[in-house]
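Asker: The structure follows.
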């Protein structure tokens, strides 16, 4: 009995696909086209990032190689997690916003701009390799790189002011942020592929239930 119901269900699914295949195909192929047009009109996002490493107490860098990463020796009195917290602090972010006039850019108050920028920044610390990456995404390529580098400059200014470390610089910049040449998003290809599969699923689901309704009439 169970096998019979399963066979009937599979037969019904096949008949739905066979009966409404033209509608399903047209819908599935047309949606990626509209996704392409919409994506092209959407504002572009640009991502810039900087890579930092930590110096040791003598002011030099002791390097080692592991998993294709370059990592330095012991930092003086402060570790990467603490630096990450400083970079994410309201004080530092507030200074970055003021330097780059981001309240005007975001069209928001200082407090609101801090919350907005926090959502757009990603700071990752690789503890084993002593590497910290700052990444920001905005819709202005030049401003994106400028803001990332401002985080580094402001971090050093706070270090000089508060004497967080005995070293002159808390970090060494391995790769400063540069102006991105290409947008990081939205991805036209990903949106088109997503639109195709979503349209394929929804169009078949619609036909599946429509067939059940018609069968009961």
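Numbering (our numbering), first residue to last: 375 to 591.
From the three backbone atoms N, C-alpha and C, an ideal C-beta is built for every residue, glycine too.
Find out if the Cβ-Cβ distance for the pair residue 505, residue 425 is shorter than 8 Å.
Answerer: In contact: residue 505 and residue 425 (Cβ atoms closer than 8 Å).
Asker: Here's a check: name, in chain order, each residue in its chain whose Cβ is nearer than 7 Å to the Cβ of residue 417, leaving out the five neighbours to either side.
Answerer: Closer than 7 Å at the Cβ level, and outside the excluded window around residue 417, lie 513.
Asker: Can you check the segment 396-428 for any beta strand (DSSP E) of at least 3 residues that lies completely inside it and give the ranges in chain order?
Answerer: Here the runs fully enclosed are 420-428.
Asker: Please state the DSSP three-state secondary structure of residue 502.
Answerer: It is coil, neither helix nor strand.
Asker: In this structure, how does DSSP classify residue 593 when only helix, strand and coil are distinguished?
Answerer: As shown, the chain starts at 375 and ends at 591. That puts residue 593 outside it, with no answer to give.
Asker: Measuring straight from C-alpha to C-alpha, what distance separates residue 587 and residue 580?
Answerer: In a straight line, the C-alpha of residue 587 is about 11 Å away from that of residue 580.
Asker: Can you name the start and end residues of the alpha helix (DSSP H) that residue 521 belongs to?
Answerer: Here the alpha helix (DSSP H) through residue 521 covers 515-536.
Asker: Between residue 501 and residue 475, what straight-line distance do the alpha-carbon atoms span, to the nearest angstrom?
Answerer: Rounded to whole angstroms, residue 501 to residue 475 spans 33 Å at the Cα level.
Asker: Which partner residues of residue 497 appear in the DSSP bridge assignment?
Answerer: DSSP lists 508 as partners of residue 497.
Asker: Between the segment 564-578 and the segment 384-400, are three or more C-beta pairs nearer than 8 Å?
Answerer: Yes, the segment 564-578 is in contact with the segment 384-400.
Asker: Nearest CA to the CA of residue 503: which residue from 409, 381, 427?
Answerer: With distances taken between Cα atoms, residue 503 lies closest to 427.
Asker: Spell out the partners DSSP gives residue 546 in its beta bridges.
Answerer: DSSP output for residue 546 lists 427 as bridge partner(s).
Asker: Can you say whether residue 536 is buried or exposed, counting buried as having 16 or more other CB atoms within 10 angstroms of its CB?
Answerer: Exposed: under 16 other Cβ atoms inside 10 Å.
Asker: Report yes if the CB atom of residue 490 is closer than 8 Å to the CB atom of residue 464, and no otherwise.
Answerer: No.
Asker: Residue 383: buried (16+ other C-beta within 10 angstroms of its C-beta) or exposed?
Answerer: So residue 383 ends up on the exposed side.
Asker: Give the straight-line distance between the Cα atoms of residue 477 and residue 407, rounded to the nearest whole angstrom.
Answerer: Cα to Cα, the separation comes out at about 37 Å.
Asker: Count the other C-beta atoms from every protein chain shown that fall within 10 angstroms of the C-beta of residue 546, then say buried if there are 16 or more, exposed otherwise.
Answerer: Looking at its Cβ environment, which holds fewer than 16 other Cβ atoms inside 10 Å, residue 546 is exposed.
Asker: Looking at the secondary structure, which residues open and close the alpha helix (DSSP H) in which residue 456 lies?
Answerer: 454-461 is the span of the alpha helix (DSSP H), which, as asked, contains residue 456.
Asker: Exposed or buried, which one is residue 385 when buried takes at least 16 other CB atoms within 10 Å?
Answerer: By the neighbour-count rule (16 or more Cβ atoms within 10 Å), residue 385 is not buried but exposed.
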